[in-house]
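Here the structure is laid out as structure tokens; the discussion comes afterwards.
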Amino acid sequence: MSVDAPARTLNVALVGNPNTGKSTLFNALSGIRQKTGNYPGVTVEKKHGAFTHNGQKVELIDLPGTYSLAPRSPDEMVTVDVLLGRQAQEAKPNAVLVIVDASNLERNLYIVSQVKELGLPTVVALNMGDIAQDKGISVDVAKLEQRLGVPVVATLAHRRGGLDQLRDTIVSLLDRESVPVESPFPEEFCDKVGQLHTKLQQHDPQATRYLAERLLLDTSGYLEQELTSGGQELHSWIVESRNQLAELGQPVPAIEAISRYQWVQGVLDGIVTREATRKVTWSDRIDRILTNRIGGSLFFIFIMTLMFQAVFSDLVAGNLMEYIEGFFEIIGGFVDASLADGALKSLLIDGVIAGVGGVLVFLPQICILFFFIAILEDCGYLSRAAYLMDRLFSKIGLSGKSFIPLLSSFACAIPGIMAARVIENRRDRLITILVAPLMSCSARMPVYVLLTAAFIPDETYGGVLSLHTLVMLSMYLLGIVAAVGVAFVLRRTILPGETPPFVMELPSYKFPSITGVLLVMVEKGWAFVKRAGTLIFAMTVIVWALSYFPRNEEAVTAPFADEIAQLETQREEANKEQAAQIDERLAEINNQIDGQLLRSSFLGMAGHWIEPVVKPLGWDWKIGSAAIASFPAREVIISTMGVLYNLGGDEDEESAPLRDTIKGAKWEGTDRNVFNVPVALSIMVFFALCAQCAATLAVIKRETNSWGWPIFTFVYMTVLAYVGALITYQVSAAIMLG
Amino acid sequence: MSKLSQLAVGQEAVIASIDATNVAAVRLMEMGMTPGSSVKMIGSAPFGDPLEVEIRGYHLSLRKTEADLVELVS
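Protein sequence lines correspond, in order, to chains A and B. Yeah, the first sequence ends on 738 if you go by full-length UniProt numbering, and it's all consecutive. Yeah, the second sequence ends on 74 if you go by full-length UniProt numbering, and it's all consecutive.
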């Protein structure tokens, strides 16, 4: 090789089974040099990393954890497309790094057998040797390398063991351009694959042998639709070939698993030794308790309670949230002091700081929730949770795998919807995404807290059960019941289909990797901050503009001008006590002016316009326009009501004045109270069920890659919220008000 | 012939065949449930479904309807 040969980048694809420490290895190899994104058209996460070793640059592509390279859906197709260099905007990998679990080699070598058929230089990382040792399993690495015909490096990814040797080996692959394809299939089968490959190449010269083999094996018809133009001649040939193979005792698709596992057994023969009596590992012992009918259920309830306590208690999240609020108060105060009154100041304080700050306040809760979920996932408990919950979820046509996304949605629907990626079945994932926003997220809490505290009598039953808790709890239950109902209906109407299999590995328990957990937490937290800085920011500015313009300050202020001038003169000569009174009166006037301005803003006009629609819910125009204003985020209703009921915009749910003022609010021109228990309940039910969260709708758009689903979600949830609030108001008003 | 779904907790048996016409069966075979391999019943979830079995040295959960596809050597 000449000295000035251009430096070539080595592109390495990382594949392997789930629960093998694949992401830990990816993180350990690439450090913080990572980029994540989405492949277009599917919900597969795209993860890139890079490292430089001995002057050689290596680009890593982390592919989703999978047990097999048999594509049966668009999502699974992405992995195969990347490996074969068919994925647009992605360089064809020069090499493949397969990570395998040393304690579970038999099943892990299945995918190695598939990778070897791709004909790419390959290196195997033999991970989790420590767990294998605990199980009494030892592997002869040198012999394994010899039998596989590819380099094998023992690694302990969570302790960064063996990484240097692995990097050396990866870099050494650069000199190997290609390797012969090795197939474990019987000869007759290979012949058929060869013939099919030739046929495919007549249509598409780029067609690979691997895809021809997959086409022959895929009886579901997915690949035939994907790869061929549906020619009848080719289809008949494939069907005929399968029949011939079946007669030879090589039935498709069973022949694949049979051949590959036979090959695996040949490779492992004599190189894996187990202790004579199988050790009962601590993982087995823990599992006996955690999946036990009674013990398992109790532990499940305990761990869920613990998690929600951590997310909602003041101890951790509450204090952090106060710091964030304090931070925005300081910035707000600074802006207030340094800018003159006017549109810009209002935009910054009432729009940007109130809006974006109001959302960023939830960052600690989101981080804590992800911290917990990452730990539970890393140690292997989440799949047990899915196992325990599967029966309940299968009743509504979903599987236990929907449990995790729905659980996350109690903190925030956004991470919940993103967590739905763990569900392989497209229809199940879609239903889970569509009902996730019905879970009462942390943004509903302020609404529930304010209205419950103001209107629900503080009664306690049997000394323990308070009516307040009961009302709050029923709002959470309402969301769950609605989600169950909607999922049930969707499954039977627009998203029908066969129940997908629930075949899931229950991995051995292991200690979670702290760096991995923290990395997940930081990554998700940062994604949330980015959203708050972009989409929520934009929406906030729009709503602010609608509530600020058209602004005829002079006309609104004129009736009060004399009084203000008078008060200001009085104040100069007043004593301390009088001054305080005057200030109070001035503040009152200011609030009235603010309220009047809002009433004449676009938002206020919209509120008047929709009053006939919201009247049957027991709402006046102010609640109506507050509901419109809270489209970007539910919690906006609190500050909007504050402004509308003449209080100034920075009220929060704890503030007694807002509580008292809405208690005393009258229908315009009458002395009838706006708020009573039925109205409060109707608002709570509306917010429990509505889709008032632009960020959630945006993330549904991103995850489903279509505008149709977020629009559908918005429409169905708004209808549900309206009908729910209507029934709540009419029924409770009939009972309570006679 | 008995089915995997009928295996008692703690019992071990050898797989005779799998109904390969079912989509779930392909998945089961990929996960190592091939004719000739031995499988052990570990237990079931609180409501009796899904089941937890041991196959090729690891634990796998599957629903009863899927375990019905697996015939055992008696």
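Cβ atoms here follow ideal geometry from the backbone N, Cα and C, with glycine treated the same way. The structure displayed is predicted, hence computed values, not measured ones.
Query raised in the report: Roughly how many angstroms separate the alpha carbons of A8 of chain B and F537 of chain A, rounded to a whole number?
Result: As a first step, residue 8 of chain B is located in the second sequence; it is residue number 8 there, counting from the start. As a first step, residue 537 of chain A is located in the first sequence; it is residue number 537 there, counting from the start. Each residue's Cα considered, the two are about 59 Å apart.
Query raised in the report: In the DSSP assignment, what residue or residues form a beta bridge with H53 of chain A?
Result: Translated into the one-based positions of the first sequence, residue 53 of chain A becomes position 53. Bridge partners of H53 of chain A: A:Q56.
Query raised in the report: In terms of DSSP beta bridges, what is T122 of chain A paired with?
Result: On the first sequence, position 122 is the one that residue 122 of chain A refers to. The partner list for T122 of chain A (beta bridge, DSSP) reads A:V96.
Requested in this report: Might you give, ordered along the chain, the residues of its own chain that have their beta carbon closer than 7 Å to the beta carbon of A28 of chain A, omitting 5 neighbours on each side?
Outcome: The count along the first sequence starts at 1 and reaches residue 28 of chain A at position 28. Answer for A28 of chain A: A157, R160, L163, listed in chain order.
Report task. Provide the residue(s) that pair with I55 of chain B in DSSP beta bridges, ordered along the chain. Result -> For the purposes of this step, residue 55 of chain B is taken as residue 55 along the second sequence, with counting starting at 1. Beta-bridge pairing links I55 of chain B to B:V39, B:Y58.
Requested in this report: Assign P202 of chain A to one of two classes, buried (16 or more other C-beta atoms within 10 Å of its C-beta) or exposed (fewer than that).
Outcome: In the first sequence, counting from the first residue as 1, residue 202 of chain A sits at position 202. Position check: residue 202 of chain A holds Gln in this sequence, whereas Pro was assumed. Answer is exposed; the Cβ neighbour count stays below 16.
Query - Span of the beta strand (DSSP E), counted from its first residue to its last, around M504 of chain A - result: What you label residue 504 of chain A is simply residue 504 of the first sequence in a count that begins at 1. Start and end: 504-506.
Query raised in the report: For D218 of chain A versus R72 of chain A, is the C-beta spacing smaller than 8 Å?
Result: Here residue 218 of chain A refers to the residue found at position 218 when the first sequence is read from its first residue. Here residue 72 of chain A refers to the residue found at position 72 when the first sequence is read from its first residue. Yes; because the gap between Cβ atoms is below 8 Å, this pair is in contact.
Query raised in the report: On the premise that K143 of chain A lies in contact with I324 of chain A, defined as a C-beta separation below 8 Å, what is that separation, rounded to the nearest angstrom?
Result: Here residue 324 of chain A refers to the residue found at position 324 when the first sequence is read from its first residue. Here residue 143 of chain A refers to the residue found at position 143 when the first sequence is read from its first residue. In fact, because the Cβ distance is near 57 Å, the residues do not count as touching under 8 Å.
Query raised in the report: Just how far apart, CA to CA, sit V193 of chain A and C441 of chain A?
Result: By 1-based counting over the first sequence, the position of residue 193 of chain A is 193. By 1-based counting over the first sequence, the position of residue 441 of chain A is 441. For V193 of chain A and C441 of chain A, the distance between alpha carbons rounds to 52 Å.
Query raised in the report: For A24 of chain B, which residues in chain A fall below 7 Å Cβ to Cβ?
Result: As a working mapping, residue 24 of chain B is identified with position 24 in the second sequence. Chain A residues near A24 of chain B: P501, V503.
Query - Distance between D62 of chain A and S113 of chain A (C-alpha atoms, nearest Å) - result: In the first sequence, residue 113 of chain A corresponds to position 113, counting from 1. In the first sequence, residue 62 of chain A corresponds to position 62, counting from 1. About 19 Å.
Query raised in the report: Beta-carbon separation of L406 of chain A and G416 of chain A under 8 Å?
Result: Here residue 406 of chain A refers to the residue found at position 406 of the first sequence. Here residue 416 of chain A refers to the residue found at position 416 of the first sequence. Contact: yes.
Query raised in the report: At a Cβ cut of 7 Å, what residues of the stretch 271-302 of chain A count as close to chain B, listed as they run along the chain?
Result: T291, R293, G296, S297
Requested in this report: Determine the extent of the alpha helix (DSSP H) in which V613 of chain A is found, giving its start and end residues.
Outcome: As a first step, residue 613 of chain A is located in the first sequence; it is residue number 613 there, counting from the start. Counting along the chain, the alpha helix (DSSP H) containing V613 of chain A begins and ends at 602-614.
Requested in this report: State yes or no: is the beta carbon of A20 of chain B nearer than 8 Å to at least one beta carbon in chain A?
Outcome: For the purposes of this step, residue 20 of chain B is taken as the residue at position 20 of the second sequence. Closer than 8 Å: yes.
Query raised in the report: Should E66 of chain B be flagged as near chain A, meaning a C-beta pair shorter than 8 Å?
Result: On the second sequence, residue 66 of chain B is found 66 positions in, with the first residue counted as 1. For E66 of chain B, the answer is yes, since a Cβ of chain A falls inside 8 Å of its Cβ.
Requested in this report: Please decide whether L388 of chain A counts as near chain B, where near means a Cβ-Cβ distance under 8 Å.
Outcome: Residue 388 of chain A sits at position 388 when you count from the first residue of the first sequence. L388 of chain A counts as touching chain B.
Report task. Check each candidate in A:A587, A:A725, A:E553 and name the one with the smallest Cα separation from A627 of chain A. Result -> Mapped onto the first sequence, residue 627 of chain A falls at position 627. A627 of chain A has its Cα closest to that of A:A725, out of A:A587, A:A725, A:E553.
**Report entry** Reduced DSSP category for T557 of chain A - H, G, I as helix; E, B as strand; rest coil
**Finding:** Residue mapping note: residue 557 of chain A aligns to position 557 of the first sequence, counting from 1. Helix at T557 of chain A.
Requested in this report: Answer with yes or no whether the minimum CB distance from R391 of chain A to chain B is below 8 Å.
Outcome: Reading the first sequence from its first residue, position 391 is the one you call residue 391 of chain A. So yes, R391 of chain A belongs to the interface.
Report task. Can you check the stretch 64-88 of chain A for any beta strand (DSSP E) of at least 3 residues that lies completely inside it and give the ranges in chain order? Result -> none
Query raised in the report: So, helix, strand or coil for N705 of chain A, using DSSP?
Result: Residue mapping note: residue 705 of chain A aligns to position 705 of the first sequence, counting from 1. If DSSP states are grouped into helix, strand and coil, N705 of chain A belongs with coil.
Report task. Report the three-state DSSP secondary structure of I301 of chain A (helix, strand or coil). Result -> The residue given as residue 301 of chain A occupies position 301 in the first sequence. Of the three classes helix, strand and coil, the one that applies to I301 of chain A here is helix, per DSSP.
Query - Reference L434 of chain A; option with closest CA among A:Q34, A:Y110, A:M445, A:L495 - result: Position 434 of the first sequence, counting from 1, holds the residue named residue 434 of chain A. Of the candidates A:Q34, A:Y110, A:M445, A:L495, the one whose C-alpha sits nearest the C-alpha of L434 of chain A is A:L495.
Query raised in the report: Applying the criterion that 16 or more other CB atoms from any shown protein chain within 10 Å of the CB defines a buried residue, is D287 of chain A buried or exposed?
Result: Against the first sequence, residue 287 of chain A aligns to sequence position 287. Buried: at least 16 other Cβ atoms inside 10 Å.
Query - Distance between beta carbons of F370 of chain A and V520 of chain A, contact taken as under 8 Å - result: As a first step, residue 520 of chain A is located in the first sequence; it is residue number 520 there, counting from the start. As a first step, residue 370 of chain A is located in the first sequence; it is residue number 370 there, counting from the start. Rounded, the Cβ-Cβ distance is 6 Å, consistent with contact.
**Report entry** chain B contact residues for S466 of chain A, given Cβ-Cβ distances below 7 Å
**Finding:** Position 466 of the first sequence, counted from the first residue, corresponds to residue 466 of chain A. Within chain B, no residue comes near S466 of chain A; the closest Cβ sits about 31 Å away, beyond 7 Å.
Query raised in the report: Nearest-angstrom Cα distance between D390 of chain A and K3 of chain B?
Result: Looking up residue 390 of chain A in the first sequence gives position 390. Looking up residue 3 of chain B in the second sequence gives position 3. Cα to Cα, D390 of chain A sits roughly 21 Å from K3 of chain B.
**Report entry** Selection from A:V361, A:V614, A:L438 that minimises the alpha carbon distance to V636 of chain A
**Finding:** Your numbering for residue 636 of chain A matches position 636 in the first sequence. Nearest of A:V361, A:V614, A:L438 to V636 of chain A, Cα basis: A:V361.
Query raised in the report: Nearest to residue 142 of chain B by CA position, among B:I18, B:A25, B:P46, B:V23, is which residue?
Result: Since the first and last residues shown for chain B are 1 and 74, residue 142 of chain B lies out of range.
Query raised in the report: Is the Cβ-Cβ distance between S23 of chain A and G516 of chain A less than 8 Å?
Result: Counting from 1 along the first sequence, the entry for residue 23 of chain A is found at position 23. Counting from 1 along the first sequence, the entry for residue 516 of chain A is found at position 516. For S23 of chain A and G516 of chain A, yes; Cβs fall inside 8 Å.
Report task. Report the residue from A:A411, A:R492, A:C190 whose alpha carbon sits nearest the alpha carbon of residue 739 of chain A. Result -> For residue 739 of chain A there is no data in the structure shown, the boundaries of chain A being 1 and 738.
Query raised in the report: For L62 of chain B, which residues in chain A fall below 7 Å Cβ to Cβ?
Result: Your numbering for residue 62 of chain B matches position 62 in the second sequence. Residues of chain A passing the Cβ test: F502, V503.
Query raised in the report: Would you call the CB atoms of P18 of chain A and G65 of chain A closer than 8 Å?
Result: If you number the first sequence from 1, residue 18 of chain A lands on position 18. If you number the first sequence from 1, residue 65 of chain A lands on position 65. Against a cut-off of 8 Å, the Cβ pair of G65 of chain A and P18 of chain A comes out as a contact.
Requested in this report: Please list the partners that S183 of chain A has in chain B, where partner means a Cβ-to-Cβ separation under 8 Å.
Outcome: For the purposes of this step, residue 183 of chain A is taken as residue 183 along the first sequence, with counting starting at 1. The premise fails here: S183 of chain A is roughly 17 Å from chain B at the closest Cβ pair, so nothing lies under 8 Å.
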